[in-house]
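Numbering (the working numbering), first residue to last: 24 to 374.
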């Protein structure tokens with residue numbers, strides 16, 4: 024089970040909402056929507072240029088959560104985290120050279136109540152941090168859909184490292200995202216896909232010990248065939264046949280509509296998500312010796328979308344799948360260290 028953050032976001036943001044303004048009289052108020060300032064505006068909705076808020080201390084808890092978000096990537100916080108009422112949002116901005124994460128406590132508490140999880144607020148905060156870390160707030164080009172995609176991908180990567188599931192990482196966008204694209208924000212499906220990419224990239228690099236649920240197929244994508252690499256890419260490794268196991272089928276969990284583990288007569292198994300008895304969602308396939316065969320997504324029992332396939336000969340493909348084979352952008356890694364980064368069609372790179 025992933026370790027959840029010890030800090031409670033409802034407590035964090037509600038307590039910040041009742042904190043008093045800074046007493047220093049020479050502290051200038053923040054006009055978060057000042058002309059020319061970068062504004063992320065997480066939900067993509069309209070902003071009010073007349074809002075002015077006093078700098079309020081975040082009572083230390085918000086900074087601790089931000090630091091926890093930054094810890095997996097080895098960075099320290101170098102921006103201010105302040106509360107600003109009546110903005111009904113959370114956003115990143117730069118004013119007079121100072122970088123800020125500005126949040127509305129009531130807004131953050133509301134999204135947690137709506138989604139019934141504190142991962143929603145954490146993912147929003149990670150998204151805004153992503154804007155700062157990727158230089159979006161200082162390039163002078165304002166809000167752009169590509170920036171939101173990059174920040175969403177960063178959020179998905181970080182939440183994986185904090186222990187959130189893929190579904191938990193995207194819960195805020197599902198609740199708040201707009202179905203239609205705007206001049207600054209992509210449509211909700213594109214944002215969810217960006218979070219998924221970030222999460223799966225983290226999973227490929229730092230796999231977690233999770234019980235996934237889905238049913239795998241026995242068909243494996245063929246190794247890449249190239250004229251210059253026939254010995255490495257097309258050779259067949261003969262493995263001894265594993266004895267048929269006496270315990271097959273769904274050995275744990277819910278292999279119909281949920282998460283479970285399915286054992287095949289060959290000795291291979293699948294752990295992941297199921298829908299109507301098919302592998303559908305996130306899952307992991309294992310060879311008979313317990314080594315990972317495929318880690319990624321499935322649709323209707325087939326490898327689909329992003330995933331990583333580990334060949335018996337030591338090769339590896341990391342990229343996009345369709346109907347069980349590489350389709351789309353991906354990288355094929357040979358066991359001797361060479362690699363091919365290309366767009367694949369029906370399992371083969373196209374030039």
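Note that beta-carbon positions come from the ideal geometry of N, C-alpha and C, so glycine has one too.
None of these values were measured; they are calculated from a predicted model.
Nearest-angstrom Cα distance between residue i and residue j?
{"i": "residue 371", "j": "residue 353", "result": "11 Å"}
{"i": "residue 205", "j": "residue 214", "result": "12 Å"}
{"i": "residue 154", "j": "residue 221", "result": "15 Å"}
{"i": "residue 261", "j": "residue 289", "result": "Low confidence applies to residue 261: its pLDDT is 43, below 50, so where it sits in the model is not reliable enough to give any reading."}
{"i": "residue 360", "j": "residue 312", "result": "24 Å"}
{"i": "residue 202", "j": "residue 271", "result": "43 Å"}
{"i": "residue 90", "j": "residue 190", "result": "23 Å"}
{"i": "residue 125", "j": "residue 111", "result": "11 Å"}
{"i": "residue 173", "j": "residue 217", "result": "7 Å"}
{"i": "residue 86", "j": "residue 187", "result": "20 Å"}
{"i": "residue 310", "j": "residue 129", "result": "49 Å"}
{"i": "residue 301", "j": "residue 294", "result": "12 Å"}
{"i": "residue 114", "j": "residue 94", "result": "21 Å"}
{"i": "residue 160", "j": "residue 304", "result": "35 Å"}
{"i": "residue 103", "j": "residue 120", "result": "12 Å"}
{"i": "residue 229", "j": "residue 101", "result": "26 Å"}
{"i": "residue 170", "j": "residue 219", "result": "16 Å"}
{"i": "residue 158", "j": "residue 168", "result": "15 Å"}
{"i": "residue 107", "j": "residue 350", "result": "46 Å"}
{"i": "residue 314", "j": "residue 212", "result": "33 Å"}
{"i": "residue 364", "j": "residue 127", "result": "43 Å"}
{"i": "residue 343", "j": "residue 330", "result": "6 Å"}
{"i": "residue 192", "j": "residue 178", "result": "8 Å"}
{"i": "residue 96", "j": "residue 164", "result": "26 Å"}
Which stretch, first to last residue, makes up the alpha helix (DSSP H) that contains residue i?
{"i": "residue 210", "result": "Where residue 210 is concerned, there is no enclosing alpha helix (DSSP H), given that its DSSP letter is neither H nor E."}
{"i": "residue 311", "result": "Here residue 311 belongs to no alpha helix (DSSP H), and DSSP marks it neither H nor E."}
{"i": "residue 197", "result": "194-199"}
{"i": "residue 124", "result": "From DSSP, residue 124 is part of no alpha helix (DSSP H) but of the beta strand (DSSP E) over 121-126."}
Please work out which residues of its chain come closer than 7 Å, Cβ to Cβ, to residue i, disregarding the five sequence neighbours upstream and downstream, and give them in chain order.
{"i": "residue 225", "result": "180, 183 and 184"}
{"i": "residue 362", "result": "354, 355 and 356"}
{"i": "residue 258", "result": "Residue confidence for residue 258 is low, a pLDDT of 42 falling below 50, so the modelled location carries little weight; the figure read from the coordinates is stated next. Taken in chain order, the residues that qualify are 336."}
If I measure Cβ to Cβ from residue i and keep anything under 6 Å in the same chain, skipping five residues before and after, which residues do I get?
{"i": "residue 366", "result": "352 and 373"}
{"i": "residue 274", "result": "284 and 286"}
{"i": "residue 207", "result": "166"}
{"i": "residue 277", "result": "283"}
{"i": "residue 346", "result": "325"}
{"i": "residue 133", "result": "none"}
Can residue i and residue j be called in contact, C-beta distance under 9 Å?
{"i": "residue 322", "j": "residue 307", "result": "no"}
{"i": "residue 381", "j": "residue 326", "result": "Because the chain spans 24 through 374 in this model, residue 381 falls outside it and cannot be assessed."}
{"i": "residue 66", "j": "residue 199", "result": "yes"}
{"i": "residue 282", "j": "residue 194", "result": "no"}
{"i": "residue 223", "j": "residue 324", "result": "no"}
{"i": "residue 280", "j": "residue 299", "result": "yes"}
{"i": "residue 341", "j": "residue 210", "result": "no"}
{"i": "residue 162", "j": "residue 196", "result": "no"}
{"i": "residue 296", "j": "residue 316", "result": "no"}
Ends of the beta strand (DSSP E) at residue i?
{"i": "residue 380", "result": "In this structure the chain extends from 24 to 374, so residue 380 is not present and cannot be described."}
{"i": "residue 328", "result": "325-333"}
{"i": "residue 168", "result": "Segment 168-185 is the alpha helix (DSSP H) holding residue 168; no beta strand (DSSP E) there."}
{"i": "residue 156", "result": "Taken as a continuous stretch (DSSP letters only), residue 156 belongs to no beta strand (DSSP E), being part of the alpha helix (DSSP H) at 142-156."}
{"i": "residue 345", "result": "339-345"}
{"i": "residue 271", "result": "Taken as a continuous stretch (DSSP letters only), residue 271 belongs to no beta strand (DSSP E), as it is neither H nor E."}
{"i": "residue 288", "result": "Looking at the DSSP string, residue 288 is not in any beta strand (DSSP E), and its letter there is neither H nor E."}
{"i": "residue 279", "result": "Where residue 279 is concerned, there is no enclosing beta strand (DSSP E), given that its DSSP letter is neither H nor E."}
{"i": "residue 230", "result": "Looking at the DSSP string, residue 230 is not in any beta strand (DSSP E), and its letter there is neither H nor E."}
{"i": "residue 94", "result": "Looking at the DSSP string, residue 94 is not in any beta strand (DSSP E), and its letter there is neither H nor E."}
{"i": "residue 114", "result": "113-118"}
{"i": "residue 353", "result": "348-356"}
{"i": "residue 299", "result": "Taken as a continuous stretch (DSSP letters only), residue 299 belongs to no beta strand (DSSP E), as it is neither H nor E."}
{"i": "residue 106", "result": "103-106"}
Please work out which residues of its chain come closer than 8 Å, Cβ to Cβ, to residue i, disregarding the five sequence neighbours upstream and downstream, and give them in chain order.
{"i": "residue 92", "result": "145, 148, 149, 152, 181 and 185"}
{"i": "residue 98", "result": "156"}
For the ligand GTP, I want to know if residue i counts as a neighbour, meaning its beta carbon is within less than 8 Å of at least one of the ligand's heavy atoms.
{"i": "residue 157", "result": "Of the ligands one can find in the structure shown there are none, so the ligand GTP has no counterpart to examine."}
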